[in-house]
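Beneath this line is the structure, given in structure tokens, with notes to follow.
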Amino acid sequence: MPELPEVETIRAQLAPELRGAAVTDAWAFPSAKFTDAVLAVGGRFTDVRRRGKYLLADLDTGDGPAELVIHLGMTGRLSVGAPPRGGAHLRASWTLDDGRHLRFDDVRRFGRVAVVPRGEHGSLPTLAALGPEPFDEAFTAEHLRASVNASRRALKTQLLSQRVVAGVGNIYADEALWRAGIHPAARRLGPARAAALRDALVAVLSEAIAHGGTTLRDYRQVDGGEGRNQLRLECYGRHGLPCRRCGETLARTVIDARSTTYCRRCQRR
DNA sequence: CGGGGTTCCTGGCCGC
DNA sequence: TGCGGCCAGGAACCCC
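Numbering-wise, my numbering comes out as the position in the first sequence, counting from 1, plus 43.
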């Protein structure tokens with residue numbers, strides 16, 4: 044399930060592959076989630092950026108600057124190479140002017156493709172209302188505290204909303220809350236805990252990028268390789284195992300319809 | 001407009 | 001071995 048570190052890893056590999064290449068043809072799986080792919084035809088890639096979990100591939104077109112927006116959903120994969128010979132889960136492919144192809148496979152079809160004028164994200168509500176990038180200086184402890192305290196929803200729910208901070212999903216929410224020692228169902232943050240959580244989010248996400256992302260099942264890098272961060276998880280998926288900080292058996296609950304692992308002893312409300 | 005509920009999807013796994 | 005049932009979950013979408 045690609046979150047910010049996985050999408051950033053993919054972005055960094057994809058950008059040098061796509062820069063300067065023009066799209067001469069495209070195919071899309073017949074679903075509204077993917078049919079926009081063909082609108083990239085005629086554009087030339089100039090760069091690949093990222094906002095939260097969204098890849099933004101800049102295109103220069105005859106009609107001005109545009110961008111190909113790709114969300115990988117749960118099981119999306121991107122790769123560059125020979126023409127796709129089918130594949131049961133191919134959702135979109137783009138023919139490049141040097142003969143290579145960019146392909147998007149997505150087993151569960153939770154992904155999405157859009158082509159929009161550069162920066163106009165109104166058709167993607169979450170992207171349009173996205174919170175600050177965690178590595179941006181705008182993501183301060185005070186922003187986190189004020190943003191969280193403006194709502195009465197559970198802290199984990201807010202982290203997953205993308206509005207408080209961009210790019211956090213179930214894995215890194217559990218990891219950061221564990222590291223900061225804060226209960227996922229907490230509803231208010233004081234200055235000290237807000238600072239601890241901000242620091243934990245930044246650390247967890249940057250460490251995951253440094254280790255190529257977390258491959259639990261579906262996530263693959265552009266070259267097909269697996270990430271290595273799954274070897275470093277301290278909380279996510281470890282329910283029933285001892286807490287690495289205090290030894291208590293990690294608990295599992297459900298918050299906002301998401302499986303949530305936490306330590307009853309050292310994560311406080 | 002925030003928030004709650006629903007829906008989209010299929011492979012992997014479990015129990016019988 | 002086969003199969004029904006359940007689980008994984010990000011974000012669009014609908015409604016109040």
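Don't be surprised by glycine CBs; every beta carbon is placed ideally from N, CA and C.
Beta-carbon separation of residue i and residue j under 8 Å?
| i | j | result |
| --- | --- | --- |
| Ala135 | Val158 | no |
| Arg93 | Arg146 | no |
| Tyr279 | Glu46 | no |
| Asp101 | Asp90 | yes |
| Phe72 | Leu139 | no |
| Gly85 | Gly63 | no |
| Leu232 | Asn192 | yes |
| Leu293 | Thr304 | yes |
| Arg56 | Asp266 | The sequence shown places Gln at residue 56, not Arg. Closer than 8 Å, so yes. |
| Ala243 | Arg222 | yes |
| Asp149 | Gly130 | no |
Does residue i come out as helix, strand or coil in the three-state DSSP assignment?
| i | result |
| --- | --- |
| Arg87 | strand |
| Arg120 | strand |
| Ser166 | coil |
| Val208 | coil |
| Glu180 | coil |
| Ser249 | helix |
| Val191 | helix |
| Pro234 | helix |
| Leu133 | strand |
| Tyr262 | coil |
| Leu240 | helix |
| Arg276 | It is Leu, not Arg, that sits at residue 276 in the sequence shown. DSSP places Leu276 in coil when its eight states are reduced to three. |
| Leu139 | strand |
Rounded to the nearest angstrom, what separates residue i and residue j at their Cα positions?
| i | j | result |
| --- | --- | --- |
| Pro285 | Arg308 | 11 Å |
| Val123 | Gly107 | 25 Å |
| Leu202 | His282 | 20 Å |
| Gly119 | Asp68 | 21 Å |
| Ala109 | Leu82 | 10 Å |
| Leu61 | Arg311 | 46 Å |
| Ile252 | Gly224 | 22 Å |
| Gly270 | Glu291 | 29 Å |
| Val207 | Leu173 | 8 Å |
| Leu248 | Pro48 | 6 Å |
| Trp137 | Glu185 | 43 Å |
| Pro175 | Leu187 | 10 Å |
| Asp257 | Glu51 | Note that residue 257 is Thr in the sequence shown here, rather than Asp. Rounded to whole angstroms, Thr257 to Glu51 spans 12 Å at the Cα level. |
| Arg288 | Glu250 | 19 Å |
| Asp179 | Thr78 | 33 Å |
| Pro160 | Ala75 | 18 Å |
| Ser194 | Ala246 | 25 Å |
| Thr183 | Trp70 | 42 Å |
| Gln273 | Val211 | 16 Å |
| Asp141 | Ala171 | 34 Å |
| Ser190 | Arg196 | 11 Å |
| Ala209 | Arg87 | 27 Å |
Note the first and the last residue of the continuous beta strand (DSSP E) segment covering residue i.
| i | result |
| --- | --- |
| Glu144 | Looking at the sequence shown, residue 144 is not Glu but His. Run containing His144: His144 to Asp149, per the beta strand (DSSP E) assignment. |
| Val297 | Ala294 to Ile298 |
| Leu202 | Premise fails: Leu202 lies in the alpha helix (DSSP H), Leu198 to Leu203, not in any beta strand (DSSP E). |
| Arg281 | Premise fails: Arg281 is in no beta strand (DSSP E) and is neither H nor E. |
| Glu110 | Gly107 to His114 |
| Asp101 | Tyr97 to Thr104 |
| Ser302 | Arg301 to Tyr305 |
| Pro160 | Arg155 to Pro160 |
Over what stretch of residues does the alpha helix (DSSP H) that includes residue i continue unbroken?
| i | result |
| --- | --- |
| Thr67 | Per DSSP, Thr67 belongs to no alpha helix (DSSP H); it is in the beta strand (DSSP E), Val66 to Ala71. |
| Pro59 | Leu47 to Leu61 |
| Ala216 | Asn213 to Ala223 |
* Asked: Is the region 158 to 178 close to the region 92 to 99, with three or more CB pairs under 8 Å?
  -> Yes, the region 158 to 178 is in contact with the region 92 to 99.
* Mind the definition here: the region 293 to 302 touches the region 203 to 222 only if three or more C-beta pairs lie below 8 Å; say whether that holds. => The region 293 to 302 makes contact with the region 203 to 222; the number of CB pairs closer than 8 Å reaches 3 or more.
* Touching by the beta-carbon criterion (3+ pairs, under 8 Å), the region 126 to 134 and the region 102 to 117 -> Taking 8 Å as the limit for Cβ pairs, the verdict is that the region 102 to 117 does not touch the region 126 to 134.
* To do: Give a yes or no on contact between the region 258 to 272 and the region 219 to 235, applying the rule of three or more CB pairs nearer than 8 Å.
  => These segments do not touch.
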